[in-house]
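Worksheet for the structure shown next.
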Amino acid sequence: QVTLRAGAELDARQVNQYTLTLRAACPGEDEVEERLFVQVTAGQALRCDTPFATAGGDVVQVLADVAPRMPLYAVLPQPLGGLTVSGGCPGDPQPRKQEQPWGQLRNHDTPLTLTRRGLVLAPARGFDPSNDTQIFRLEIEVMDRHGHNCSGAVRVEVLPSHRPRVAFPEPQWTVTVPGGTGPLEVVTRVHASGDNVHYTILAPVAPRLFTIDEVTGEIRSTRRLEVGHALLLVRAYNALHPADHATATLNVTVLGTDRRAPSCVPAISVSQVPETVSPGSTLVTLRCTGSASTEGWLQYALEGPPASHSRFRMEGPRLQVNTTLDYDSEAVAAVGFQFTATIVVTTGGEPPRSTRVPVLVTVTPVNEFTPACPNGATFTMPETAAFGSAVGRVAGTDRDYPPDSLEYSLEGGPSPAQPFSIDTRTGEIRVVGPLDSEQHKSYRLTVRLTDIHNDLDPAKRRSRLCDVTVHLQAVPDQAPVCTPEVQELRITARSGGRQSVTRLACQSSPNGAMLAYTITGGNEDGRFQLEGNTLFYLPDDLAEPRTFVLLVEVRGGPGAPRRSTTVALVVHVTPRSTPVPPSTTTPRTTLRKEPLVVVRTEAVWHPPAWFVAVLTVSGALLLATVGCMARTLLCSSWDVAEQSGGEEERGHPHAGSLVSVYHDGEGGCSAGGVGGSPGALSTLSYLSSTQEQFDGRARDPRTGRDYLFNSVTGARRWI
945 QVTLRAGAEL DARQVNQYTL TLRAACPGED EVEERLFVQV TAGQALRCDT
995 PFATAGGDVV QVLADVAPRM PLYAVLPQPL GGLTVSGGCP GDPQPRKQEQ
1045 PWGQLRNHDT PLTLTRRGLV LAPARGFDPS NDTQIFRLEI EVMDRHGHNC
1095 SGAVRVEVLP SHRPRVAFPE PQWTVTVPGG TGPLEVVTRV HASGDNVHYT
1145 ILAPVAPRLF TIDEVTGEIR STRRLEVGHA LLLVRAYNAL HPADHATATL
1195 NVTVLGTDRR APSCVPAISV SQVPETVSPG STLVTLRCTG SASTEGWLQY
1245 ALEGPPASHS RFRMEGPRLQ VNTTLDYDSE AVAAVGFQFT ATIVVTTGGE
1295 PPRSTRVPVL VTVTPVNEFT PACPNGATFT MPETAAFGSA VGRVAGTDRD
1345 YPPDSLEYSL EGGPSPAQPF SIDTRTGEIR VVGPLDSEQH KSYRLTVRLT
1395 DIHNDLDPAK RRSRLCDVTV HLQAVPDQAP VCTPEVQELR ITARSGGRQS
1445 VTRLACQSSP NGAMLAYTIT GGNEDGRFQL EGNTLFYLPD DLAEPRTFVL
1495 LVEVRGGPGA PRRSTTVALV VHVTPRSTPV PPSTTTPRTT LRKEPLVVVR
1545 TEAVWHPPAW FVAVLTVSGA LLLATVGCMA RTLLCSSWDV AEQSGGEEER
1595 GHPHAGSLVS VYHDGEGGCS AGGVGGSPGA LSTLSYLSST QEQFDGRARD
1645 PRTGRDYLFN SVTGARRWI
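In terms of the working numbering, the sequence shown opens at residue 945 and continues consecutively.
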């Protein structure tokens, strides 16, 4: 029972509520602490406080992290004369409750609770920890046992809590410990931010391989650890506000001792992918194995140049595309459309072992874009443009690599109605026929742009039709200009074929246009003839000199009517046998005589070089053949002379001459004769002295005669 202290005075205008803290303990039980709120009113009449009874109501501001069922507001003070609190220990007599006003809520769409004592309590589960201000309005009616009542409103504003919430830096992380770790050794330590943070392990419950310090967050082993892994679910919470908590996952891996590097298949990865491969696509999957202690605990990392490292990633043993591989970009072209990298596979044992797998990825082109037509493909040409004149260039574009590799073609091809052609490589349009300005003020051409070399498959090509307009620009007609316009010529008629008289020098406007020449007067008997701009005289039986006045009209060529110029030619023709009388008149115009060109053709033969070489070799061979034939005939004549001399010697032993023929071993021949001179006698004596020195006999194969020979000196003698 709570009573008012003797002598105490209550003033509702100064203090209208007291908060009392009561502690009660029963034998053998824990102490219980509660708070009692005493409200003081200004008299026995039932009335509500001024802020509460106003139209806007009273306002209360609390934090969102207030404890559940915490009193937030007291509607009315308790009646004067004392308060009665229900409570106590089991078996104690219950005090008599005094009658007091009670209140009820008019609106029930609020999580707040109103007690019969007029206390507004926080929700049983607390407020939602939101970052925004939450507002709750309570409309309350108070009534006593006598039927007196009053009403009012309370506006509870729940403000965001400025206290930091409990949070882990990362939602999950991995810890690796060596095998053989003993009991109660520190494995790792977790940390969470917030106030009054405590830690607990939610899972696994059994077997409990690890324990955590509630305050420091140190995790220790409860037994000797073997090779394997465990998944722990750790919760951090505010000890004063358990609803403020966070959860994280801890992967603990226990490794063994590894002495062998992992083995991977394939050992080298070479792949070819199109440029349109989507990110996340797998290029290669490694199948790596290690020792038994590290089986399944391999780490994969990608190393290489920045260009390759940013475009690929490792997802476990899978090499995947990280970003788009654009074949048409300058960055990909700079590396030659090939990316190199290295996959490093490392075991989790102690010490760690690693294996490196080289990777080569080649990007192939895909024809993605259609050629684009140029803007404003319109050209202007004069209507008198000559054959082969350039009209303009169609500059198409293509975003595929290599850029702007296009092939141009003209739909329908060149024709009289379309006198144009286009260069297949450059796209330049040229005139290939006459331009008819009367029928066509402009020509509309259709040019096809076809891309080439933009795809790995040459058959995959894209094309686009582009409209090209060629406007014809009219050229004003001007009469041809001839210099001079009047000529006086003198010729002497010759017998035979026609003879040239003069050549007209005329120019058209614009330059290059064709001109037509016609004799319009003075040629009634047909003695003159025009071929182009050259005037010819046709000889006849003219007996006396005669003067002809010819009128030649020069027109600007076929087609539309054009202006013309007339040239006057005064031609004095004199027969060849008639002397030319002296001129008695002075010409008014100085005439320019056309030079007479005499063409003389001389036949000159310049043989080619090969012909001179063949002729020289043939002459040399001919001379060699004649020399050999002369030598053969000479040798034959010596043989006949020797044969006749031998017969004469046998018939006349004392003849005064002796002829001997010696055949040398080289196929040549030599002759000698002996007469009545002293030299002949000496030679004869020599032959007589050496006759006994012949040591051989043979027969000549040509003549069939026998002869003696000396094998030492080579001397021979006919028998």
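The beta carbon of each residue, even a glycine, is placed where N, CA and C say it ideally should be.
Just so it is clear, the structure is predicted and the values come from calculations on it, not from any experiment.
Sequence-distant residues of the same chain with beta carbon closer than 6 angstroms to residue i, five excluded per side
i, result
"V1514", "E1432 and V1493"
"E1043", "With a pLDDT of 47 at E1043, under the threshold of 50, the modelled position of that residue is not reliable, and the figure given next carries that caveat. Hits under 6 angstroms: R1089."
"I1212", "P1302"
"I1163", "V1131, T1132, F1154 and I1156"
"R1643", "D1650"
"G1611", "Unreliable placement is indicated for G1611, whose pLDDT of 41 sits below 50; the coordinate value is still reported in the next sentence. The answer is none, since no qualifying residue turns up."
"A1245", "V1288"
"V1198", "V1121, G1123, L1169, V1171 and G1172"
"E1429", "V1511"
"L1128", "R1164"
"E978", "L966"
"P1346", "none"
"T1057", "L1065"
"Q1637", "N1654"
First and last residue of the uninterrupted alpha helix (DSSP H) at residue i
i, result
"S1349", "Per DSSP, S1349 belongs to no alpha helix (DSSP H) and is neither H nor E."
"T1370", "Run containing T1370: none; DSSP gives neither H nor E here."
"A997", "T994 to A997"
Identified DSSP bridge partners for residue i
i, result
"C1232", "C1208"
"P1726", "Here the chain has residues from 945 to 1663 only, and residue 1726 is not among them."
"N1665", "The first residue shown for the chain is 945 and the last is 1663, placing residue 1665 beyond what the model contains."
"A1174", "V1196"
"V1305", "S1215 and F1283"
"F1154", "S1165"
Check whether residue i and residue j have beta carbons under 8 angstroms apart
i, j, result
"R1646", "L1652", "no"
"V1335", "P1358", "no"
"V1149", "L1194", "no"
"V1178", "A1187", "no"
"S1215", "Q1264", "no"
"P1424", "L1459", "yes"
"G1248", "T1290", "no"
"E1170", "T1308", "no"
"S890", "R1374", "Residue 890 cannot be examined here, being either before or after the span of the chain that is shown, 945 to 1663."
"P1206", "T1233", "yes"
"S1105", "P1055", "no"
"L1409", "L1354", "no"
"D1342", "P1315", "yes"
"R1081", "D1002", "no"
"N1051", "E1085", "no"
Residues of its chain near residue i, where Cβ-Cβ distance is below 7 angstroms and the 5 sequence neighbours each way are ignored
i, result
"R1641", "D1650 and L1652"
"C1426", "L1448, A1449, C1450, V1498, T1509 and V1511"
"A1487", "P1519"
Continuous beta strand (DSSP E) stretch holding residue i: start and end
i, result
"F1364", "F1364 to I1366"
"S1254", "Per DSSP, S1254 belongs to no beta strand (DSSP E) and is neither H nor E."
"A968", "Q961 to A968"
"A1147", "V1141 to A1147"
"A1659", "No beta strand (DSSP E) contains A1659, which DSSP labels as neither H nor E."
"P1218", "S1213 to P1218"
"P1015", "P1015 to A1018"
"L1495", "R1490 to R1499"
"S1222", "No beta strand (DSSP E) holds S1222; DSSP gives it neither H nor E."
"V1641", "The sequence as given places Arg at residue 1641; Val does not occur at that position. Taken as a continuous stretch (DSSP letters only), the beta strand (DSSP E) holding R1641 covers G1640 to R1643."
"R1447", "Q1443 to R1447"
"L1128", "That residue, L1128, is in no beta strand (DSSP E); it is neither H nor E in DSSP."
"I1435", "V1430 to T1436"
"Q1422", "Q1422 -> no beta strand (DSSP E), and no H or E assigned at all."
"D1002", "D1002 to L1007"
"V946", "Neither: V946 is in no beta strand (DSSP E) and is coded neither H nor E."
Contacts around residue i, its chain only, beta-carbon distance under 8 angstroms, and the 5 residues preceding and following it disregarded
i, result
"E975", "R967, A968 and A969"
"Q1282", "L1304, V1305, T1306 and V1307"
"L1146", "L1177, V1178, R1179 and T1191"
"L1242", "P1206, C1232, G1234, P1261, V1289, T1290, T1291 and G1292"
"P1034", "For P1034, the pLDDT reaches just 39, beneath the cut-off of 50, and the residue's location in the model is therefore unreliable, although a value from the coordinates is still provided. C970, listed in sequence order."
"Q1078", "A1008, F1071, D1072, E1101 and V1102"
"Q961", "F981, V982, Q983, V984, A1018 and P1021"
request  = Kindly provide the ranges of any beta strand (DSSP E) runs that are 3 or more residues long and lie completely inside the stretch 1257-1303, ordered along the chain.
outcome  = When DSSP assignments are scanned along the stretch 1257-1303, the uninterrupted stretches of beta strand (DSSP E) that are 3 or more residues long and fall wholly within it turn out to be 1262-1265 and 1282-1291.
message = Extract the residue ranges of the beta strand (DSSP E) inside the stretch 1314-1342, only unbroken runs of 3 or more that lie entirely within it.
response = 1322-1326 and 1334-1337
Residue ranges of each beta strand (DSSP E) within the stretch 1455-1484, 3 or longer = 1460-1465, 1472-1475 and 1478-1481
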